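When the letters of the sequence shown are read in order and numbered with full-length UniProt numbering, they come out as residues 1 to 267.
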Amino acid sequence: MAGACELIETASEAPSLSDLARAAGCSPHHFHRLFKRITGVTPKAYADAHRQSRVQAALTKGVSVTEALYDAGFNSSGRFYDATDAMLGMTPTAYRTGGAGEIIHHATGQSSLGCVLVAASARGICAILLGDEPDALIKDLAARFPRAEHRPGDAGFAQTVDNVIRLVDDPADNTAPVLPLDIRGTAFQRKVWNALRQIPPGRTLSYTELAGRIGAPRAARAVAAACAANSLAVAVPCHRVISANGDLAGYRWGLERKQRLLTREKS
């Protein structure tokens with residue numbers, strides 16, 4: 001599979017499944033199954049994620065949108081812009097300038113787990129951060145979107161914050177409003193985060209079990225990294241994943257908060 005991955009990464013355009021299978025010396029059907037079993041994603045998802053990383057790297061360096069488009073293997077601007085929302089979570093120009101031109105509203109509130117910062121783009125809630133001090137959370141948000149225009153949320157945004165706090169205080173509340181989320185990440189990360197959202201309150205999985213659920217049983221470490229990269233606390237419930245021996249393992253917002261969430265959900 002290392003050779004197939006290298007072929008995908010070095011090709012000017014994404015190789016077809018037939019081309020990859022031929023290079024690996026097996027049938028397309030067998031290659032597809034083998035590739036997914038080993039890498040945890042399909043060849044197409046791997047190619048899409050690689051193109052995403054190439055676009056992101058190029059735009060971050062200040063390369064023009066057009067140049068980044070073709071260097072990443074898109075042969076038409078239409079195909080690129082059709083994929084933009086899923087790949088970048090914002091327009092290519094905004095990503096190129098660190099979120100410049102994008103407006104992100106934010107506000108903080110107090111929950112049973114301490115301070116909560118809620119941030120939202122035009123697409124939905126893009127960050128739910130937990131901590132002790134509002135200033136520290138605001139700095140964290142600014143680091144994630146260094147050139148976006150950050151604005152305090154208005155009176156209407158207060159309802160969004162209240163809805164998030166309601167979720168944080170009682171994740172098992174089935175009557176809580178559904179939160180519109182702006183989930184940003186690689187194809188693999190989004191796959192992990194979608195699987196996390198399928199774990200019901202009161203249940204936990206190990207990182208290995210979660211890896212198995214997404215069809216990548218050997219990718220427990222990559223799954224743990226995706227959990228650590230989650231910026232939507234509780235809404236994407238990475239706190240429901242623990243070590244195989246039952247230990248809490250890590251939690252970017254503190255093990256005490258993780259324990260309190262799990263205890264609350266099991267009561």
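Glycine residues also receive a C-beta, built at the ideal position from the N, C-alpha and C atoms. Fair warning: this is a prediction, and the values are worked out from it, not measured in the lab.
Original post:
Can you tell me whether DSSP reads Thr-186 as helix, strand or coil?
Top reply: Reduced to three states, the DSSP call for Thr-186 is coil.
Original post:
Given Leu-205, which residues of its chain have a CB within under 8 Å of its CB, disregarding the five upstream and five downstream residues?
Top reply: Contacts found: Ile-199, Arg-213, Arg-240, Val-241 and Ile-242.
Subject >> Between the CA atoms of Phe-188 and Ala-120 - distance to the nearest angstrom >> reply: Distance between Ala-120 and Phe-188, taken at the CA atoms: about 23 Å.
**OP:** Taking Ser-18 as part of the alpha helix (DSSP H), name the residues at either end of that continuous run.
**Re:** Run containing Ser-18: 17–24, per the alpha helix (DSSP H) assignment.
Subject >> Supposed contact pair Lys-36 and Gly-185 - C-beta distance, whole angstroms, cut 8 Å >> reply: Contact flag wrong, Cβ pair sits at about 19 Å.
Original post:
Sorted by chain position, which residues of the same chain lie with C-beta nearer than 8 Å to Asp-132's C-beta, five sequence neighbours on each side aside?
Top reply: Answer for Asp-132: Gly-114 and Cys-115, listed in chain order.
Subject >> Those runs of the alpha helix (DSSP H) which lie wholly inside the segment 132–183 and span at least 4 residues >> reply: If only complete runs of 4 or more residues are kept, the segment 132–183 shows the alpha helix (DSSP H) at 134–144 and 157–169, in order along the chain.
Original post:
Between which two residues does the alpha helix (DSSP H) harbouring Ile-199 extend?
Top reply: That residue, Ile-199, is in no alpha helix (DSSP H); it is neither H nor E in DSSP.
Original post:
What did DSSP end up calling Ile-104 once you bin it into helix, strand or coil?
Top reply: The answer is strand: DSSP assigns Ile-104 an E or B state.
Original post:
Skipping 5 residues on each side, what residues in its chain have a beta carbon closer than 6 Å to that of Arg-123?
Top reply: Excluding residues within five positions, the ones whose Cβ falls inside 6 Å are Asp-182.
Original post:
Under a Cβ-count criterion, where at least 16 other Cβ atoms within 10 Å of its own Cβ denotes burial, should Pro-43 be classed as buried or exposed?
Top reply: Pro-43 counts as buried, since at least 16 other C-beta atoms from the protein chains shown sit within 10 angstroms of its C-beta.
**OP:** Report all residues from its chain with a CB closer than 7 Å to the CB of Asn-230; omit the five preceding and five following residues, and keep chain order.
**Re:** Trp-193, Val-236 and Cys-238.
Subject >> Validate contact between the segment 260–267 and the segment 164–175 using beta carbons, cut 8 Å, 3 pairs >> reply: Flag = yes, the segment 260–267 and the segment 164–175 touch.
Original post:
Nearest CA to the CA of Asn-245: which residue from Ala-233, Arg-252 and Thr-208?
Top reply: For Asn-245, the nearest C-alpha among the options comes from Thr-208.
Original post:
Per DSSP, Val-241 forms a beta bridge with which residues?
Top reply: For Val-241, which the question treats as bridged, DSSP gives the partners Leu-205.
Original post:
For the alpha helix (DSSP H) that Val-116 lies in, which residues bound it at each end?
Top reply: Segment 114–120 is the beta strand (DSSP E) holding Val-116; no alpha helix (DSSP H) there.
Subject >> Contact set for Arg-260: own chain, Cβ-Cβ below 7 Å, skip 5 residues either direction >> reply: Answer for Arg-260: Leu-113, listed in chain order.
**OP:** Grab the span of the alpha helix (DSSP H) containing Arg-257 for me, first residue to last.
**Re:** If you look at Arg-257, you'll find it in the alpha helix (DSSP H) that goes 255–266.
Original post:
What is the residue span of the alpha helix (DSSP H) that Ile-8 lies within?
Top reply: 2–10 is the span of the alpha helix (DSSP H), which, as asked, contains Ile-8.
Original post:
Applying the criterion that 16 or more other CB atoms from any shown protein chain within 10 Å of the CB defines a buried residue, is Asp-247 buried or exposed?
Top reply: Classified as exposed, Asp-247 has fewer than 16 neighbouring CB atoms from the shown chains inside 10 Å of its CB.
Original post:
The alpha helix (DSSP H) spanning Leu-34 covers which residue range?
Top reply: Its alpha helix (DSSP H) spans residues 28–39.
**OP:** Please report the Cβ distance between Pro-152 and Ala-219, rounded to the nearest whole angstrom; I am assuming they are in contact, meaning their Cβ atoms lie under 8 Å.
**Re:** Pro-152 to Ala-219, Cβ: 40 Å. No contact.
Original post:
CB-CB under 7 Å to Tyr-251, same chain, minus the five flanking residues each way: which ones, in chain order?
Top reply: Contacts found: His-239, Arg-257 and Lys-258.
Original post:
Do you know how far the Cα of Leu-34 is from the Cα of Arg-22?
Top reply: About 14 Å.
**OP:** Take the Cβ of Ile-103 as the centre, count every other Cβ of all protein chains shown within 10 Å, and call the residue buried at 16 or more, exposed below.
**Re:** It is exposed - the Cβ of Ile-103 has fewer than 16 other Cβ atoms within 10 Å.
Original post:
CB-CB under 8 Å to His-30, same chain, minus the five flanking residues each way: which ones, in chain order?
Top reply: Here the set comprises Ala-21.
**OP:** With a threshold of 16 other CB atoms inside 10 Å of the CB of Asp-48, please say whether the residue is buried or exposed.
**Re:** Buried: at least 16 other Cβ atoms inside 10 Å.
Original post:
Leaving out the 5 sequence neighbours to the left and right, which residues in its chain are closer than 6 Å to Ala-226 when beta-carbon positions are compared?
Top reply: Only Gln-189 and Val-192 meet the Cβ criterion.
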